[in-house]
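A.B. asks: Structure in structure tokens, see below.
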Amino acid sequence: MSQEDDPLISIITVNWNGKKYLDELFSSLYGLNYPEKKLQIIMVDNNSNDDSIAFVEKRFPNVEIVPLKENLGYAGGNNEGLHRARGRYIALINNDCTADPDWLCEMLSIFKNSSDDARIGAVGSKVVFYWPYIPVQVISGSQGSTDKNRPWKDLRRLGVKISEARITGSGRDKYPRSVKKEWTTAEIKYTDGFYPPETDGKGRIFQWTQGDAVMAVPVFNSRKPTTLEFKVSSEISSNNLKIVIGEEILDEIKIGKRAKNIKLTIPVRTYDCCRDMINSCGVKINRSFYSRDRGYMSFDDGQYNRIEEIFAVSGSSFMMDRKMLEDTGYFDPYFFTYYEDIDLFWRARLRGWKHFFTPNALIRHHHCGSGQEWSYSFTYHVLLNRLLMIYKCGWLSVFLRSQASFAAAKVIHTTFYIGQLIRGRKIRRIDIGIRFKIFFKLLYLLPVFMGKRIKIR
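In structure tokens, the structure reads:
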């Protein structure tokens, strides 16, 4: 097939104070295995104040820039880009991503190899975290909890308690400047064998292992050792802690109930164990209508290496058929950010469109490069937009059940929080106030969204 047969493709990215990521993003887009003259690359800038626009104008003069006077979020920003897109197909990519050279062609091939009546609306790519990760095994004995101060009877078997894990040392100063400024985008991840995070009386976060667990540590420089530090204590007064990478035992430590500072050097020779960690291989919806990224925070061992239909694609990187947008409409601007992509793809499914995932289109993603996970804004929009999405697209009985569950959770969390305050334990729970705010916000929004629900259902 000649280049003249290749369709025009519009690529849209929404930027808000993401200058530090833009050089890699646009360099990867202009390095795609696709004719540059058949690309329309658009950057919608959500009123950044970090000179993003000036940088792109100078470094990538062919990028079409859409400057906005206010931050319209992911939904509103992409809608502005969609209004200007001329392509037969439209790809969206987050500003903190870099694309594999075949990213665009692999998604396009799904559309081109299907018939028009297949009604493929969107194709999503495999999204992995930007840095490779090395699995660090934390192996210890475990026993039932003996802490009588907990407000509930703890039936878990507890191994070791880990907190304040971080990467330090002189090697850190050798890492790229962008890493030092945005350290939280490449945090250590607690994968297999860990219980959910908890906080102590001073609001410090910690996690218990179940005995054997895995910490995933990002590797920024393949030629330098990595220094890992963390605090560890045990439910058992005398416990043996073993740190293992691959088949190599890096350290064996005696620990007890008193926290001990651990400083561990991860040698370069163990980097053969490094693997990519999955951010998203498409989106699924569980029975409670919470969305989940398939494979999130699991190592990429080929478990998603097949093309398949999915409920929705990841909003960080995908391609759409313009016909789907014309039939379904754009993103709901009220959602601002989070769940706006699931809302769009659910609406499309209700109109007969299908969405597919291809593992051959690869994206590397810093993740939350322009925002902080579980910040006030993140928590507010995730909780509110999920309920609004269910109200718009789902069965009324599902919404009523979800709303009842949300109200019950509000009461339970508030009661627990007050109980902790009475016990003299101050814990950080930003979601308490947010849940009350959302409860009253819905009293106003549900009548407003009724028209949208009637139109969709």
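In terms of my numbering, the sequence shown opens at residue 1 and continues consecutively.
All C-beta atoms, glycine included, are put in the ideal place defined by N, C-alpha and C.
For I120, I'd like the list of residues in its chain whose CB is within less than 7 Å of its CB, leaving aside the five on either flank, ordered along the chain.
C.D. replies: Start at 1 with the first residue of the sequence shown, and residue 120 comes out as number 120. Hits under 7 Å: I110, F111, S114, D321, K354 and F356.
A.B. asks: Express the C-alpha separation of F194 and Y339 in angstroms, rounding to a whole number.
C.D. replies: Numbered from its first residue, the sequence shown carries residue 339 at position 339. Numbered from its first residue, the sequence shown carries residue 194 at position 194. If I take the Cα positions, the gap works out to 27 Å.
A.B. asks: Report the rounded CA-to-CA distance for V160 versus S142, giving the unit in angstroms.
C.D. replies: For the purposes of this step, residue 160 is identified with residue 160 of the sequence shown, where counting begins at 1. For the purposes of this step, residue 142 is identified with residue 142 of the sequence shown, where counting begins at 1. As the crow flies, the alpha-carbon of V160 is around 8 Å from that of S142.
A.B. asks: DSSP beta-bridge partners for D300?
C.D. replies: Locating residue 300 in the sequence shown gives position 300, where the first residue counts as 1. Beta-bridge pairing links D300 to no other residue.
A.B. asks: Going by C-alpha to C-alpha distance, which of T270, G256, T199 and T209 sits closest to R223?
C.D. replies: Translated into positions along the sequence shown, residue 223 becomes position 223. Among T270, G256, T199 and T209, the Cα nearest to that of R223 belongs to T270.
A.B. asks: Under 8 Å, with one C-beta from each stretch per pair, do the region 299 to 307 and the region 64 to 76 reach the 3-pair mark?
C.D. replies: no
A.B. asks: Going by C-alpha to C-alpha distance, which of R347, K323, D341 and T415 sits closest to D116?
C.D. replies: The sequence position of residue 116 within the sequence shown is 116, counting from 1. The residue with the shortest Cα to Cα distance from D116 is K323.
A.B. asks: Which class does I120 belong to by DSSP, given the choice of helix, strand or coil?
C.D. replies: Here residue 120 corresponds to residue number 120 of the sequence shown, with the count starting at 1. In this structure, I120 counts as strand in the three-state DSSP scheme.
A.B. asks: Report yes if the CB atom of C274 is closer than 8 Å to the CB atom of K126, and no otherwise.
C.D. replies: Locating residue 274 in the sequence shown gives position 274, where the first residue counts as 1. Locating residue 126 in the sequence shown gives position 126, where the first residue counts as 1. Result no, Cβ atoms of C274 and K126 do not sit closer than 8 Å.
A.B. asks: Please state the DSSP three-state secondary structure of L228.
C.D. replies: As a position in the sequence shown, residue 228 is number 228, starting the count at 1. Strand at L228.
A.B. asks: Just to confirm my understanding: we take L29, look at its own chain, exclude 5 residues before and 5 after, and list those with CB closer than 7 Å. What are they?
C.D. replies: In the sequence shown, the residue the question calls residue 29 occupies position 29. Excluding positions up to five away in sequence, the list reads I11, I41 and A99.
A.B. asks: Pairs of beta-carbons, one from the region 383 to 393 and one from the region 333 to 352, closer than 8 Å: are there three or more?
C.D. replies: The region 383 to 393 and the region 333 to 352 touch, with no fewer than 3 CB-CB distances between them shorter than 8 Å.
A.B. asks: So, is K180 buried or exposed, given that buried needs 16 or more other C-beta atoms within 10 angstroms?
C.D. replies: Translated into the one-based positions of the sequence shown, residue 180 becomes position 180. Confidence is the limiting factor: at K180 the pLDDT is only 44, short of 50, which leaves the residue's position unreliable, though a coordinate-based value still follows. Looking at its Cβ environment, which holds fewer than 16 other Cβ atoms inside 10 Å, K180 is exposed.
A.B. asks: Would you decide whether T185 is buried or exposed? Buried here means 16 or more other CB atoms lie within 10 Å of its CB.
C.D. replies: On the sequence shown, position 185 is the one that residue 185 refers to. With a pLDDT of only 43 at T185, under the threshold of 50, the placement of this residue in the model should not be trusted; the figure read from the coordinates follows. In this structure T185 is buried. Its beta-carbon is surrounded by 16 or more other beta-carbon atoms within 10 angstroms.
A.B. asks: Taking T191 as the reference, which of S238, I278 and G256 has the closest Cα?
C.D. replies: Residue numbering aside, residue 191 sits at position 191 when the sequence shown is read from its first letter. Minimum Cα distance to T191 is reached at I278.
A.B. asks: DSSP three-state call for P132: helix, strand or coil?
C.D. replies: Here residue 132 is taken as the residue at index 132 of the sequence shown, counted from 1. Of the three classes helix, strand and coil, the one that applies to P132 here is coil, per DSSP.
A.B. asks: Quick test of the definition: if touching needs 3 or more C-beta pairs under 8 Å, does the region 258 to 269 touch the region 230 to 245?
C.D. replies: yes
A.B. asks: Taking the beta strand (DSSP E) that N279 belongs to, which residues open and close that run?
C.D. replies: Within the sequence shown, the letter at position 279 stands for residue 279. Where N279 is concerned, the enclosing beta strand (DSSP E) stretches over I278 to S280.
A.B. asks: Report yes if the C-beta distance between I167 and I245 is below 8 Å; otherwise report no.
C.D. replies: Residue numbering aside, residue 167 sits at position 167 when the sequence shown is read from its first letter. Residue numbering aside, residue 245 sits at position 245 when the sequence shown is read from its first letter. Not a contact, by the Cβ cut-off of 8 Å.
A.B. asks: Let me know the secondary structure DSSP gives N239 once reduced to three states.
C.D. replies: The residue labelled residue 239 in the question sits at position 239 within the sequence shown. Of the three classes helix, strand and coil, the one that applies to N239 here is strand, per DSSP.
A.B. asks: Can you check which of these residues, A361, H367 and E326, is closest to R351 by C-alpha distance?
C.D. replies: For this step, residue 351 is matched to residue 351 along the sequence shown. Out of A361, H367 and E326, E326 has the C-alpha closest to the C-alpha of R351.
A.B. asks: Rounded to the nearest angstrom, what separates L400 and T415 at their Cα positions?
C.D. replies: Walking along the sequence shown from the start, residue 400 turns up at place 400. Walking along the sequence shown from the start, residue 415 turns up at place 415. Each residue's Cα considered, the two are about 23 Å apart.
A.B. asks: Roughly how many angstroms lie between the CA atoms of D343 and I139, to the nearest whole one?
C.D. replies: By 1-based counting over the sequence shown, the position of residue 343 is 343. By 1-based counting over the sequence shown, the position of residue 139 is 139. Going by the C-alpha atoms only, they are around 42 Å apart.
A.B. asks: Quick one: which unbroken alpha helix (DSSP H) runs of 4-plus residues sit fully inside the region 25 to 89? Chain order, please.
C.D. replies: The region 25 to 89 contains these whole alpha helix (DSSP H) runs: 52 to 59 and 73 to 84.
A.B. asks: Measuring straight from C-alpha to C-alpha, what distance separates P267 and T227?
C.D. replies: In the sequence shown, residue 267 corresponds to position 267, counting from 1. In the sequence shown, residue 227 corresponds to position 227, counting from 1. C-alpha separation (whole angstroms): 9 Å.
A.B. asks: Please identify the residue among D5, Y21 and D6 whose C-alpha is closest to the C-alpha of R364.
C.D. replies: Counting from 1 along the sequence shown, the entry for residue 364 is found at position 364. The shortest Cα separation from R364 among D5, Y21 and D6 belongs to Y21.
A.B. asks: Can you tell me whether DSSP reads S397 as helix, strand or coil?
C.D. replies: Stepping through the sequence shown from its first residue, residue 397 is reached at position 397. If DSSP states are grouped into helix, strand and coil, S397 belongs with the helices.
A.B. asks: Is it buried or exposed for P101, if we count other Cβ within 10 angstroms and need 16 for buried?
C.D. replies: Stepping through the sequence shown from its first residue, residue 101 is reached at position 101. Looking at its Cβ environment, which holds fewer than 16 other Cβ atoms inside 10 Å, P101 is exposed.
A.B. asks: According to DSSP, is E252 part of a helix, a strand, or is it coil?
C.D. replies: Stepping through the sequence shown from its first residue, residue 252 is reached at position 252. DSSP places E252 in strand when its eight states are reduced to three.
A.B. asks: Per DSSP, which one or two residues make a beta bridge with V448?
C.D. replies: Stepping through the sequence shown from its first residue, residue 448 is reached at position 448. The partner list for V448 (beta bridge, DSSP) is empty, contrary to what the question assumes.
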